[in-house]
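Here numbering that gives the first Met the number 0 is used: the first residue of the sequence shown is 0, the next is one more, and so on. See structure below.
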Amino acid sequence: MVTRDDILAALRGVRDPELGGDVVELGMVKDVDVAPDGRVHIGLALTIAECPLRGQITDDVQRRVRALPGVTDVEISTSAMTADERANLMSIARRRAREHARPTQVSPTTRVAAIASGKGGVGKSSISANLAVALARQGRRVGLLDADIWGFSLPRILGTTERLHADDDTRLIIPADVHGLKLISTGLIAESEDTALMWRGLMLSKALEQFLTQVDWGELDYLVIDMPPGTGDVQMALSRMLPQAEMVVVTTPQVAAQKVAMRVADMARRSHMPVVGVIENMSWFECGHGERYALFGEGGGETLATELAVPLIGKIPIDPAVVDAGDRGRPVVLGDGPAAEALAAAAARLTELLPPAAEETCTGRIARLLEDLDRTAAG
Ligand SMILES: Nc1ncnc2c1ncn2[C@@H]1O[C@H](COP(=O)(O)OP(=O)(O)OP(=O)(O)O)[C@@H](O)[C@H]1O
Ligand SMILES: [Mg+2]
């Protein structure tokens with residue numbers, strides 16, 4: 000049976016993209032009611048009634064709360080804050096800004112998509128790289144983090160041998176600039192005996208922590224994370240450090256693979272990392288005559304998406320161009336062909352599900368108004 004505290008914990012993952020804080024600390028959650036049959040009602044107070052972020056915030060709340068075991072339905076009602084509530088919210092937001100309460104170098108407004116699966120070799124790295132490149136091609140500011148600390152493959156897939164270095168002043172690591180995105184991977188760390196030792200000594204979750212706190216990511220619309228196989232430390236560290244992280248589950252059409260993916264989804268629930276959707280990879284092979292062959296079975300992606308009540312973001316066919324592109328370091332989405340098209344479409348669908356933070360919003364205007372008032376008062 001889901002409790003009020005479970006729901007509040009899940010709601011801490013919903014951020015006001017502009018104020019950076021989560022909706023609980025910002026005082027936007029007014030009521031939480033749980034009925035014995037698992038129906039949940041949440042009352043949200045927005046800064047103003049016509050807040051342009053309303054859809055985004057309520058969608059995020061839906062996704063987070065629905066993912067909790069025992070929740071059967073989520074109803075959200077919204078109201079506008081009173082002037083006092085708004086002043087209180089702004090003082091919390093200002094305090095946050097003053098304290099630079101940023102646990103990582105990743106902006107709280109950055110959308111984080113962790114590409115995960117329960118089984119190795121289903122195409123997480125290929126899909127991470129191609130989605131990231133496709134998003135960058137749409138003009139988004141994109142970071143790509145290789146969280147597969149020892150099994151890294153992104154430098155090869157993206158064709159870079161650049162070596163990471165730190166900025167002299169800030170001491171922050173500068174990501175590699177490749178195909179229009181910012182890449183961080185252990186594969187880009189120069190292998191001297193010292194660094195090798197240093198990295199060997201690090202726990203996986205520590206390495207990930209370094210990549211989130213010691214890298215100069217700058218302002219990003221999206222951070223795509225290539226997750227390692229399994230459901231261990233790295234997943235937990237990620238959800239703790241990046242509360243806005245959400246998971247895209249990659250699966251193959253066969254039923255056995257889908258069982259493993261279910262495990263990942265379960266883990267996503269436990270760590271309050273909601274699943275945005277499912278991508279089915281290696282869905283079919285199309286021969287020269289246009290005939291499609293379901294080499295690895297059929298329906299795994301749909302079944303998983305239905306069971307998780309999330310959308311199927313895309314189905315990527317088997318395309319020898321993916322292997323070839325991966326070997327040549329030029330992601331397939333930069334060219335054309337069946338996989339390139341399917342991957343570009345999946346990236347477009349992902350931006351619909353995770354829209355980038357709006358640039359001009361109500362809270363932004365209120366913040367500026369208050370700053371002006373402060374200045375007038377001070378002057
Ligand atoms: N749609 C596809 N068509 C053809 N080959 C593919 C496709 N997707 C992935 N591959 C190939 O399958 C292999 C495994 O893919 P990839 O390395 O992306 O999987 P992974 O899930 O990241 O694996 P690991 O668990 O080892 O990290 C690679 O050789 C890749 O080129
Ligand atoms: Mg991989």
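Idealized CB from N, CA, C, for every residue including glycine.
Can you grab the Cα-Cα spacing for the pair Ala8 / Thr302, in whole Å? 29 Å
Considering only heavy atoms of ligand 1, does any lie closer than 7 Å to the CB of Val321? yes
Helix, strand or coil, according to DSSP, for Phe210 in the structure here? Phe210 falls in the helix class under three-state DSSP.
His178, buried or exposed, once every other Cβ within 10 Å from all chains shown has been counted against 16: buried
If I measure Cβ to Cβ from Met246 and keep anything under 6 Å in the same chain, skipping five residues before and after, which residues do I get? These residues qualify, in order along the chain: Ala113, Ala115, Ala267, Met272 and Val274.
I'd like the span of the beta strand (DSSP E) that includes Gly300, first residue to last. That residue, Gly300, is in no beta strand (DSSP E); its alpha helix (DSSP H) goes Gly299 to Leu307.
Residue range of the unbroken alpha helix (DSSP H) whose run includes Met240: That run of the alpha helix (DSSP H) goes Asp232 to Met240.
Mapping the DSSP letters down to three states, classify Pro68 as helix, strand or coil. coil
Supposed close pair Leu171, Asp220 - CB separation, criterion 8 Å: Contact flag wrong, Cβ pair sits at about 20 Å.
Taking C-beta to C-beta, are Thr57 and Met240 nearer than 8 Å? no
What is the DSSP secondary structure of Thr185, counted as helix, strand or coil? helix
Taking all protein chains shown into account, decide if Val321 is buried (16 or more other Cβ within 10 angstroms of its Cβ) or exposed. buried
So what does DSSP say about Leu311, is it helix, strand or coil? strand
Considering only heavy atoms of ligand 1, does any lie closer than 7 Å to the CB of Pro107? For ligand 1, not one heavy atom lies less than 7 Å from the Cβ of Pro107.
Run through DSSP, which three-state label would Met226 get? Three-state result, Met226: coil.
Unbroken alpha helix (DSSP H) runs of length 4 or more, entirely within the stretch 16-86: which are they? 53-65
Would you kindly report the start and end of the unbroken beta strand (DSSP E) that includes Val332? No beta strand (DSSP E) contains Val332, which DSSP labels as neither H nor E.
Can you find the residues in the same chain that come closer than 7 Å, C-beta to C-beta, to Gln213, ignoring five residues on each side of it along the sequence? Leu171 and Ile172
Per the contact definition of three or more C-beta pairs closer than 8 Å, is the stretch 293-313 in contact with the stretch 104-111? no
In three-state DSSP terms, what is Ile6? helix
Looking at the structure shown, is Ile393 part of a helix, part of a strand, or coil, going by DSSP? Any answer about residue 393 is impossible in this case: the structure gives the chain only from 0 up to 378.
Closest by C-alpha distance to Pro355, when choosing among Gln137, Ala128 and Ser152: Gln137
Can Gly276 and Leu311 be called in contact, C-beta distance under 8 Å? yes
Could you check how far apart the C-beta atoms of Ala92 and Leu18 are, in whole angstroms? I think they sit under 8 Å. 4 Å
Short of 6 Å in beta carbon distance, which residues of its chain neighbour Asp59, apart from the five on each side in sequence? Order them along the chain. Val13
Take every Cβ of the stretch 325-343, pair it with every Cβ of the stretch 287-303, and state whether three or more of those distances are shorter than 8 Å. Contact between the stretch 325-343 and the stretch 287-303 is absent, because fewer than three Cβ pairs lie under 8 Å.
Proximity winner among Leu43, Glu340, Asp265 and Ala236, relative to Asp21 (alpha-carbon distances): Residue nearest to Asp21 within the set Leu43, Glu340, Asp265 and Ala236 is Leu43 (criterion: CA-CA distance).
Run through the DSSP bridge pairs and tell me what Ile114 is partnered with. Asp225 and Val247
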